[in-house]
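Numbering (mature numbering (1 follows the signal peptide of the UniProt record, and there is no 0)), first residue to last: -17 to -1, 1 to 449. Think of the CB as a built atom: it goes at the ideal place given N, C-alpha and C, for glycine as much as any other residue. All figures in this text were calculated on a predicted structure; none of them were measured in a lab.
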């Protein structure tokens, strides 16, 4: 190289000819010269040029790996030879860089970044123009460990089956896009995969049996799609699984009995499907379970007694499941319970007063059932929950305490309590009120979404996919 271009220069010499980047040289801490391969550097510039809105940004930040590193870009220095390689690209609202342009797309130049380990792009493809996910885009990214493409409503196409051949992949998150088609059965080859999140798309077909072979999986979330068929029996083999969210699909059939073998499971969400039949008693083996969400399935059976043995439960949602029979008193042993939703069923009998002794219970919804008898929950409990206690729509339910008659409870004073007054002024009730008191039963229909307390947001556990 000519003396005028000394390799002892500090910083980087970036030769730009139009939009071409020829090569970058920098000086490492050992005093030697460090080179970034020309093809890889060109690929990086083209990838960012296809995404970001500021054409001058690369000129302002000419050194992607050295003195002025690009926000969202990380590099690693190889030892022999000492060459920088791009290992991470992250674009999202948490990174200070130019915004994604309206014509943003995924450049095929990604294939020139073979050392890339992390690729995450959020809130970038948001216009009405579709961005089609190429089936061959990731074929050369054999080092990829973390792929997250999320909250991109314009990102269309199918999940590339070629992803199933990237053996190093540990995180695959493609949530809140507009992806269609089936879940590729090739994903069953990702034996190192720990997190699989394909939620909030338009995926169809069945959940592949091969997913049950991902023995390292801790998170499985395919909720809010249009998946059909039965829950694969093979999912009961995922011994490390902590979160299984299959909610808001079109799944049918019985809950597989062997799901009770998932000893590490913290969250089970099968809500808003068409699953039927009684809950298998084998679910009593879910010793670590904290969130049990089955609402809006035609279960059409009684609440099984084993639910009361799941001592770590914090939230139970069984709304709209066609449940019959009484509320088990065994639920009163769940000392960690914070939310219990049993509304819109056909439950009978009384509300167990012992539920009011649960120290952490903060939401109780038993509205729109066939519960009857006297409401004997402690006054302190009723006062503490306020609007978060909903017992409306149970025509046989009444109270002996006029303090409990409110727009939130809709429970009349028990008639036998009035008759026992023998026309005398009862406690906290004057004579005019006694003469005028009628059994003002509540005949209206409500839903948990409009009145009182429904179940809290079903995305109850947050895992950091970063």
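So what does DSSP say about residue i, is it helix, strand or coil?
i           : result
residue 271 : coil
residue -13 : Because the pLDDT at residue -13 is just 31, under 50, the model does not fix this residue reliably, and the value given afterwards should be weighed accordingly. Correct three-state label for residue -13: coil.
residue 131 : strand
residue 42  : helix
residue 155 : strand
residue 509 : With the chain covering -17 to 449 only, the question about residue 509 has no answer from this structure.
residue 260 : coil
residue 188 : coil
residue 33  : helix
residue 398 : helix
residue 214 : coil
residue 302 : coil
residue 349 : coil
residue 413 : The predicted position of residue 413 is uncertain, since its pLDDT is 35 and thus under 50; a value taken from the coordinates is nonetheless stated next. Coil.
residue 295 : coil
residue 163 : strand
residue 122 : coil
residue 382 : strand
residue 226 : strand
residue 72  : strand
residue 307 : strand
residue 238 : coil
residue 282 : coil
residue 203 : strand
residue 422 : Summary for residue 422: the model assigns pLDDT 26, below 50, so the residue's position carries little reliability; its value from the coordinates is reported in the next sentence. Correct three-state label for residue 422: coil.
residue 109 : coil
residue 196 : helix
residue 116 : coil
residue 374 : coil
residue 337 : helix
Could you work out which residue in the options is closest to residue i when comparing CA atoms only?
i           : options               : result
residue 249 : 35, 224, 174 and 350  : 224
residue 201 : 338, 221, 324 and 66  : 221
residue 363 : 380, 345, 92 and 21   : 345
residue 450 : 392, 370 and 343      : Residue coverage of the chain in this structure runs from -17 to 449, which leaves residue 450 outside it and unanswerable.
residue 192 : 211, 49, 70 and 182   : 211
residue 23  : 228, 91 and 74        : 91
residue 69  : 102, 89 and 85        : 102
residue 43  : 340, 150 and 81       : 81
residue 63  : 106, 88 and 19        : 19
residue 228 : 291, 252, 87 and 208  : 252
residue 156 : 140, 150 and 128      : 128
residue 190 : 178, 206 and 349      : 206
residue 179 : 226, 209, 117 and 235 : 226
residue 232 : 219, 33 and 214       : 214
residue 368 : 397, 338 and 114      : 338
residue 145 : 163, 117 and 158      : 117
residue 240 : 274, 269 and 26       : 269
residue 139 : 110, 153 and 152      : 110
Exposed or buried, residue i, counting other C-beta atoms within 10 Å across all chains shown (16 or more means buried)?
i           : result
residue 216 : exposed
residue 264 : exposed
residue 474 : A question about residue 474 goes unanswered here, because the residues of the chain that appear run from -17 up to 449.
residue 47  : buried
residue 294 : exposed
residue 36  : exposed
residue 343 : exposed
residue 167 : buried
residue 375 : buried
residue 60  : exposed
residue 86  : exposed
residue 112 : exposed
residue 198 : exposed
residue 77  : exposed
residue 150 : exposed
residue -14 : Because the pLDDT at residue -14 is just 34, under 50, the model does not fix this residue reliably, and the value given afterwards should be weighed accordingly. Answer is exposed; the Cβ neighbour count stays below 16.
residue 119 : exposed
residue 194 : buried
Tell me, to the nearest whole angstrom, how far the beta carbon of residue i is from that of residue j; I am working on the premise that it is less than 8 Å.
i           : j           : result
residue 355 : residue 382 : The pair is not a contact, with the Cβ atoms about 12 Å apart (cut-off 8 Å).
residue 161 : residue 137 : 7 Å
residue 302 : residue 327 : 5 Å
residue 287 : residue 312 : Their Cβ separation, rounded to whole angstroms, is 13 Å, which puts residue 287 and residue 312 out of contact at 8 Å.
residue 188 : residue 172 : Wrong, their Cβ atoms sit about 18 Å apart, outside the cutoff.
residue 330 : residue 309 : 7 Å
residue 352 : residue 377 : 5 Å
residue 114 : residue 89  : 7 Å
residue 347 : residue 314 : That pair is no contact at about 10 Å.
With 9 Å set as the bound, which would you pick, yes or no: does the beta-carbon of residue i sit closer than that to a beta-carbon of chain C?
i           : result
residue 226 : Note that chain C does not occur in the displayed structure, where there is just one protein chain.
Is the closest heavy atom of the ligand NAP to the C-beta of residue i under 8 Å?
i           : result
residue 160 : Summarising the ligand content, the structure contains no ligands, and the ligand NAP is consequently not present.
Does the contact criterion of 3 or more C-beta pairs under 8 Å hold for the region 94 to 104 versus the region 121 to 130? yes
Is there contact here, the region 250 to 262 with the region 273 to 291, by at least three beta-carbon pairs under 8 Å? yes
Check whether the region 132 to 147 and the region 171 to 187 touch, using three or more Cβ-Cβ pairs below 8 Å as the test. yes
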